[in-house]
Amino acid sequence: MHLNKKDLIKRYIFLFVGLTIMAFGIAFSIKANLGTSPISSVPYVVSSFTSLSVGEATIIMHCVFILFQILLLRKNFALIQLMQLPVAFIFGYLTDFALYILEGIAYHSYLHQWFYCIVGIVLVAIGVSCEVAANVVTLAGEGVILAICKVFPIRFGNMKVLFDILLVCIAIVLSFVFIGRLVGVREGTVAAALLVGVFTKRFQKWIHKATSKLFAFHTY
466 MHLNKKDLIK RYIFLFVGLT IMAFGIAFSI KANLGTSPIS SVPYVVSSFT SLSVGEATII
526 MHCVFILFQI LLLRKNFALI QLMQLPVAFI FGYLTDFALY ILEGIAYHSY LHQWFYCIVG
586 IVLVAIGVSC EVAANVVTLA GEGVILAICK VFPIRFGNMK VLFDILLVCI AIVLSFVFIG
646 RLVGVREGTV AAALLVGVFT KRFQKWIHKA TSKLFAFHTY
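First residue of the sequence shown: 466, per my numbering; consecutive thereafter.
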């Protein structure tokens with residue numbers, strides 16, 4: 466799809482907005498202390514037993530995802546997908562920024578925790594919808610799933626579920642090996658796995674209507 470310079474700039478700005486919203490969603494889920502979303506579970510656990518922040522651990526994880534895509538696709542890896550690298554850094558630092566902004570937020574009951582958890586899930590869904598609507602580059606977490614689906618006959622939805630399960634399993638193993646107890650994976654993790662996709666589908670319809678007027682080309 467050919468994009469003019471003005472439209473491309475608008476799309477990247479919209480992507481940045483989506484990443485910011487998503488980062489605050491992750492920050493709310495962490496503050497809820499009911500378990501983070503599957504994609505954030507590994508960075509959160511890693512940050513719990515190292516000197517890395519959640520954002521820095523996220524950047525490293527995304528870099529690993531990009532490297533895996535290159536190794537998997539080889540000559541079929543599109544160079545434009547290297548844009549996932551700066552996006553990974555931006556998203557990582559936005560996550561740390563969001564956690565800094567919400568640093569003073571506390572909960573006073575289990576219901577209060579669930580409120581923060583749901584806010585986080587909704588914000589992540591909105592952020593993902595904006596990322597899809599921008600239609601310029603995906604986060605490395607989605608990029609690696611797309612790469613696997615190109616090589617193996619697996620539907621994206623099915624691979625996404627398997628990938629999320631793998632990340633949660635890795636987070637659980639890292640928790641017990643390096644911390645001695647389970648952290649970052651709780652009932653909120655299950656809720657995020659079940660609801661983010663549902664909310665994203667709903668928000669995509671509304672955001673698509675808005676972006677079809679904002680952008681020169683329709684998004685998908």
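For glycine and all other residues, C-beta sits at the position ideal for the given N, C-alpha and C.
Item: So for L603, helix, strand or coil by DSSP?; Value: Residue identity differs from the one stated: residue 603 is Thr in this sequence, not Leu. Coil at T603, not helix or strand.
Item: Please specify which runs of the beta strand (DSSP E), each continuous and at least 3 residues long, are wholly inside the segment 562-590, giving them in chain order.; Value: none
Item: Quick check: what's the CA-CA separation for D629 versus N600?; Value: 23 Å
Item: Mapping DSSP to helix, strand and coil, what is P503?; Value: helix
Item: Quick one: what does DSSP say G645 is sitting in, helix, strand or coil?; Value: coil
Item: Report back the beta-carbon spacing between L588 and F479 to the nearest angstrom; my notes put them in contact at under 8 Å.; Value: The Cβ separation is near 16 Å, so there is no contact.
Item: Which stretch, first to last residue, makes up the alpha helix (DSSP H) that contains V650?; Value: From DSSP, V650 is part of no alpha helix (DSSP H); its letter is neither H nor E.
Item: At the level of alpha carbons, what is the spacing between G645 and V507?; Value: 15 Å
Item: Measure the CB-CB distance between G653 and L499 and report whether it falls below 7 Å.; Value: yes
Item: Considering just the uninterrupted stretch of the alpha helix (DSSP H) at I486, what are its terminal residues?; Value: K470 to A497
Item: Is R476 buried or exposed, if buried means 16 or more other CB atoms sit within 10 Å of its CB?; Value: buried
Item: Just confirm the distance between the C-beta atoms of A563 and I491, as a whole number of angstroms; I'd bet it's less than 8 Å.; Value: 7 Å
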